[in-house]
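Working notes, structure below.
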Amino acid sequence: MPVADCCWHRAIGKGCDDCAPRCCSDCCWGGKNCLPKRCAAEPDDHACNSAAAEYFWCAVHCITTNNFAMPKIQCILVAAILASSSMLLAQELEPRVVVDVSMLSPELRQDVSTMQYDVLTYLRQQSFSGKQWQGPKIPVELTIYVTGGNLATRRYTARLLYSSSINLDSGRTSPILRVLDQQWTFPYTLNQQLTFQSLRFDPFSTLIDFYTFIALGFDADSYEYLGGTPYYQRAQELCLLGAANNAPGYTQVVQQPGELSRISLVTELLNPRFENFRKLIFDYHYDGMNRFATEPDSARAAL
Numbered sequence: 000m001p002v003a004d005c006c007w008h009r010a011i012g013k014g015c016d017d018c019a020p021r022c023c024s025d026c027c028w029g030g031k032n033c034l035p036k037r038c039a040a041e042p043d044d045h046a047c048n049s050a051a052a053e054y055f056w057c058a059v060h061c062i063t064t065n066n067f068a069m070p071k072i073q074c075i076l077v078a079a080i081l082a083s084s085s086m087l088l089a090q091e092l093e094p095r096v097v098v099d100v101s102m103l104s105p106e107l108r109q110d111v112s113t114m115q116y117d118v119l120t121y122l123r124q125q126s127f128s129g130k131q132w133q134g135p136k137i138p139v140e141l142t143i144y145v146t147g148g149n150l151a152t153r154r155y156t157a158r159l160l161y162s163s164s165i166n167l168d169s170g171r172t173s174p175i176l177r178v179l180d181q182q183w184t185f186p187y188t189l190n191q192q193l194t195f196q197s198l199r200f201d202p203f204s205t206l207i208d209f210y211t212f213i214a215l216g217f218d219a220d221s222y223e224y225l226g227g228t229p230y231y232q233r234a235q236e237l238c239l240l241g242a243a244n245n246a247p248g249y250t251q252v253v254q255q256p257g258e259l260s261r262i263s264l265v266t267e268l269l270n271p272r273f274e275n276f277r278k279l280i281f282d283y284h285y286d287g288m289n290r291f292a293t294e295p296d297s298a299r300a301a302l
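Structure, rendered in structure tokens:
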């Protein structure tokens with residue numbers, strides 16, 4: 000039985016014998032004006048479709064009504080805890096991470112042995128958009144080639160290959176981003192805890208965040224004209240933050256002819272001269288690739 004229906008049955012006195020265990024653990028605290036009332040009034044509300052969100056709304060309602068069995072201070076604490084846990088629902092990525100340490104000595108390899116797990120955990124748990132993610136998760140692939148390091152200082156050099164794809168209506172994916180960044184220097188320790196802070200530069204995680212926002216921008220551009228602008232702006236802010244910290248790779252300096260720097264990449268994506276290119280991303284996927292499964296002839300014509 001769906002969780003919302005289960006809580007509704009409990010509220011009207013039908014019991015929970017056939018209900019999901021997570022609903023029967025006093026999520027409604029015996030109050031008939033709690034979660035069931037909200038979900039009965041809004042049966043199609045997305046928030047009612049997941050247990051974590053339902054517990055959260057129940058806690059919030061408990062705070063604002065006199066009909067509750069749990070002390071108000073406990074309700075506030077539960078609401079705060081569940082609000083943070085519900086943010087996991089907003090996660091946007093389906094990540095795959097590979098760390099290549101073939102160029103390192105055995106001692107250095109041991110020092111970065113948790114890097115793959117640390118990055119994967121970060122990408123799985125961090126919400127970059129800051130809002131409830133409605134669509135399918137974006138497939139992203141990161142390959143980190145660790146090219147050198149110093150065991151005394153625990154500083155490393157690496158190259159980052161970042162790829163992302165667009166989800167199609169057919170269930171297949173379409174590659175959209177593939178970039179190799181060859182200038183990455185950072186400190187790293189075993190079991191490093193990665194956190195996202197928009198106003199704090201981190202030599203390791205900020206580069207991952209930068210390309211993740213680029214990937215989010217491309218994905219949003221495929222759903223609506225220029226939909227990725229807010230994400231490109233976030234990427235640009237990270238570039239400026241890196242430049243303010245004199246970090247390598249975040250300035251306009253281009254070492255080789257034709258080389259694309261981080262700041263020039265995001266500046267061009269935000270340049271009005273490139274708006275037609277970004278609109279083409281939407282047309283290509285919406286009018287073309289998404290229609291191949293059902294209307295192959297018209298899709299070919301659109302492309």
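In numbering that gives the first Met the number 0, the protein residues as written are 0 to 302.
We treat Cβ as the ideally placed atom computed from N, Cα and C, and that holds for glycine.
Three-way DSSP call (helix, strand, coil) for residue i in this model
{"i": "residue 147", "result": "strand"}
{"i": "residue 260", "result": "coil"}
{"i": "residue 188", "result": "coil"}
{"i": "residue 219", "result": "helix"}
{"i": "residue 93", "result": "strand"}
{"i": "residue 174", "result": "strand"}
{"i": "residue 275", "result": "helix"}
{"i": "residue 100", "result": "coil"}
{"i": "residue 243", "result": "helix"}
{"i": "residue 283", "result": "helix"}
{"i": "residue 68", "result": "Because residue 68 sits at a pLDDT of 41, beneath the cut-off of 50, its placement in the model cannot be relied upon, and the point is left open."}
{"i": "residue 179", "result": "strand"}
{"i": "residue 194", "result": "coil"}
{"i": "residue 229", "result": "helix"}
{"i": "residue 204", "result": "helix"}
{"i": "residue 113", "result": "coil"}
{"i": "residue 156", "result": "strand"}
{"i": "residue 167", "result": "coil"}
{"i": "residue 142", "result": "strand"}
{"i": "residue 249", "result": "coil"}
{"i": "residue 121", "result": "helix"}
{"i": "residue 42", "result": "The pLDDT assigned to residue 42 is 36, lower than 50, so where the model puts this residue is not dependable; a value taken from the coordinates is nonetheless given after this. If DSSP states are grouped into helix, strand and coil, residue 42 belongs with coil."}
{"i": "residue 161", "result": "strand"}
{"i": "residue 105", "result": "helix"}
Cβ-Cβ distance between residue i and residue j below 9 Å
{"i": "residue 185", "j": "residue 154", "result": "yes"}
{"i": "residue 193", "j": "residue 145", "result": "no"}
{"i": "residue 268", "j": "residue 216", "result": "yes"}
{"i": "residue 98", "j": "residue 152", "result": "no"}
{"i": "residue 176", "j": "residue 207", "result": "no"}
{"i": "residue 165", "j": "residue 172", "result": "yes"}
{"i": "residue 278", "j": "residue 222", "result": "no"}
{"i": "residue 233", "j": "residue 197", "result": "yes"}
{"i": "residue 191", "j": "residue 203", "result": "yes"}
{"i": "residue 107", "j": "residue 148", "result": "yes"}
{"i": "residue 237", "j": "residue 205", "result": "yes"}
{"i": "residue 220", "j": "residue 127", "result": "no"}
{"i": "residue 122", "j": "residue 100", "result": "no"}
Reference residue i, options the options, closest by Cα
{"i": "residue 119", "options": "149, 171, 94, 250", "result": "94"}
{"i": "residue 135", "options": "180, 92, 190", "result": "92"}
{"i": "residue 211", "options": "199, 220, 231", "result": "231"}
{"i": "residue 218", "options": "245, 122, 139", "result": "139"}
{"i": "residue 263", "options": "274, 248, 195, 275", "result": "248"}
{"i": "residue 150", "options": "105, 170, 239", "result": "105"}
{"i": "residue 110", "options": "116, 126, 188, 167", "result": "188"}
{"i": "residue 181", "options": "133, 126, 137, 161", "result": "161"}
{"i": "residue 235", "options": "266, 251, 101", "result": "266"}
{"i": "residue 129", "options": "170, 276, 270, 229", "result": "229"}
{"i": "residue 90", "options": "100, 133, 113", "result": "133"}
{"i": "residue 246", "options": "131, 199, 272", "result": "199"}
{"i": "residue 195", "options": "270, 124, 272", "result": "124"}
{"i": "residue 183", "options": "167, 174, 241", "result": "241"}
{"i": "residue 137", "options": "167, 276, 112", "result": "167"}
Residue burial classification, residue i (beta-carbon count within 10 angstroms, cutoff 16)
{"i": "residue 163", "result": "buried"}
{"i": "residue 201", "result": "buried"}
{"i": "residue 243", "result": "exposed"}
{"i": "residue 116", "result": "exposed"}
{"i": "residue 170", "result": "exposed"}
{"i": "residue 67", "result": "With a pLDDT of only 37 at residue 67, under the threshold of 50, the placement of this residue in the model should not be trusted; the figure read from the coordinates follows. The residue is buried, with at least 16 neighbouring Cβ atoms inside 10 Å."}
{"i": "residue 43", "result": "Reliability fails at residue 43, whose pLDDT of 37 lies under 50, so the model's placement of it is uncertain and no value is given."}
{"i": "residue 87", "result": "Only weak support exists for where residue 87 lies, its pLDDT of 48 falling under 50; the value from the coordinates is given anyway. Under this definition residue 87 is an exposed residue."}
CB contact check: residue i to chain D, cutoff 9 Å
{"i": "residue 109", "result": "Reference to chain D is not applicable here, since this structure consists of a single protein chain."}
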